[in-house]
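To convert a position in the sequence shown, counted from 1, into the working numbering, add 2.
Built from N, CA and C at the ideal position, the CB exists for glycine as well.
Owing to the predicted nature of the structure, the values given are computational and were not obtained by experimental measurement.
Down below is the structure, laid out as structure tokens.
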Amino acid sequence: MYRCRFDVALSILRERLVDVLFGDLRRAYPPDLARFPQRYPRLFHRKGGERGMATLKVREVTKRFGGLVALDRVNLSVEERELRGIIGPNGAGKTTLFNLITGELKPTGGKIFLDDEDITGLPPHLICQKGLSRTFQLTSIFPELTVYESIWVGINSKRHRWNPFTKVKNLTDVAERAEKICHLIGLQEKRDELAVNLSYGDQKILEIGMALSTEPSILLLDEPTQGVSPKEAEEIIGVIQRLAKDITVILIEHSVDVVLQVCHKVTVLHEGRVIAEGDPAEISKNEEVQRVYLGEA
């Protein structure tokens with residue numbers, strides 16, 4: 003059986019008390035999605051126009067596990083509000099690259115920069131605080147929490163330490179943002195359902211919402227459509243495309259069709275090296291990519 007930590011349970015109890023006291027008022031004034039960018043500028047802080055300068059830079063990054071070279075002098079530059087796809091056969095080094103960017107692993111060599119700040123080797127929680135969040139191949143959710151509670155806990159954990167005497171104003175602000183994320187990812191009608199009872203596709207979407215709760219400027223998605231039905235994949239892709247209008251999204255995806263359909267730019271890894279990079283049309287015509295990844299002559 004899954005159990006919530008005591009501090010998480012205490013926070014949920016506190017939130018439900020606020021809902022009892024102010025629930026009618028909250029329901030009378032539903033979330034104003036138009037004000038979301040103004041209230042939460044780090045998540046939605048950019049104006050219209052073309053994509054700008056690189057916000058994530060990977061420079062000559064190498065990772066060795068003993069005698070195995072998992073990544074070999076990889077370079078990557080991702081711009082603001084870019085939707086970047088990373089593809090490659092199994093063992094190409096895609097997830098290893100994500101683990102290096104997010105601090106799960108330390109590189110053997112090279113540097114990683116976030117908004118021109120060197121984040122190489124920083125622990126994951128510090129990198130998250132600087133505006134980078136991720137999901138994983140296998141969903142990581144709170145099975146016994148509702149959709150709303152799962153997102154609420156993530157927001158509250160970033161804002162302050164657990165404290166039963168937190169001001170009601172802070173709690174209602176957290177509640178407002180949790181409601182808005184539920185709307186943003188399309189799960190507002192399922193906000194009160196337990197995560198364990200959601201379809202696998204909705205659990206994948208919920209995990210994206212939980213990643214958004216940390217207010218990232220860059221979101222890394224690891225195989226977001228793996229194991230879901232075609233209809234669920236379409237819904238997940240729709241969420242990703244909405245997010246990419248305002249934040250940077252980098253996704254590892256096993257479906258080449260998905261990447262070529264939705265991404266602005268694609269990076270192809272093979273045996274730990276970048277073998278091609280360009281827009282979807284360029285990648286689909288690249289002979290080396292066809293040979294090593296698409297299986298064509």
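Separation of residue j from residue i, as counted between CA atoms
i	j	result
T216	E181	14 angstroms
D74	R83	27 angstroms
E284	I89	14 angstroms
R61	L124	16 angstroms
I242	D281	18 angstroms
I252	T174	32 angstroms
E289	S257	19 angstroms
S286	D194	43 angstroms
D259	E279	16 angstroms
P33	Q228	Summary for P33: the model assigns pLDDT 44, below 50, so the residue's position carries little reliability, and this model does not support an answer.
T250	G69	34 angstroms
V294	T269	14 angstroms
L262	P226	15 angstroms
E81	L200	34 angstroms
T104	I121	9 angstroms
C130	V291	33 angstroms
E119	K206	31 angstroms
F46	P126	Residue placement at F46 is flagged as unreliable, the pLDDT there being 44, under the threshold of 50; the coordinate-derived value follows with that caveat. Going by the C-alpha atoms only, they are around 22 angstroms apart.
L102	V155	26 angstroms
Beta carbon of residue i nearer than 9 angstroms to that of residue j
i	j	result
L186	R244	yes
K59	F144	no
K267	G87	yes
V264	I239	yes
S219	T57	yes
For residue i, the nearest candidate out of the options (CA to CA)
i	options	result
R66	L78, T98, E284	T98
K132	M212, G188, D117, G112	D117
A235	I220, E255, V80	E255
K233	Y202, S219, L262, P218	Y202
L128	E106, S142, T148, V149	E106
T148	L223, L208, F100	L208
D224	L78, E119, F100	F100
Contact set for residue i: own chain, Cβ-Cβ below 6 angstroms, skip 5 residues either direction
i	result
A94	L271, H272
G211	I153, I183, I187
K192	V149
Q190	C184
L85	A246, V251, C265, H266
G274	V71, A72, L73, D74, G95
Neighbour-count burial assignment, residue i, 16 or more Cβ in a 10 Å radius
i	result
L140	exposed
E317	Residue 317 lies beyond the residue range present for the chain, which begins at 3 and ends at 299; the question has no answer from this structure.
N92	exposed
D204	buried
E237	buried
A299	Confidence in A299 is poor, its pLDDT being 39 and thus under 50, which makes the residue's placement unreliable; the coordinate value appears in the next sentence. Looking at its Cβ environment, which holds fewer than 16 other Cβ atoms inside 10 Å, A299 is exposed.
Near the ligand MG: residue i beta-carbon under 8 angstroms from a heavy atom
i	result
E119	Questions concerning the ligand MG fall outside what the structure shown contains, since it holds no ligand whatsoever.
Contacts around residue i, its chain only, beta-carbon distance under 8 angstroms, and the 5 residues preceding and following it disregarded
i	result
E52	Any reading at E52 must be qualified, since the residue scores a pLDDT of 46, below 50, and its modelled position is unreliable; the value itself is stated next. Excluding residues within five positions, none has a Cβ falling inside 8 angstroms.
T64	V71, L73, D74, R75, V76, P109, T110, G111, G112
Residues near residue i by beta carbon distance below 7 angstroms, same chain, minus five either side
i	result
A213	S135, R136, T137, L221
I157	V176, R179, A180, S215
S142	E209
R37	Below a pLDDT of 50, predicted positions are generally treated as unreliable, and R37, at 45, falls in that range; no measurement from the model is reported.
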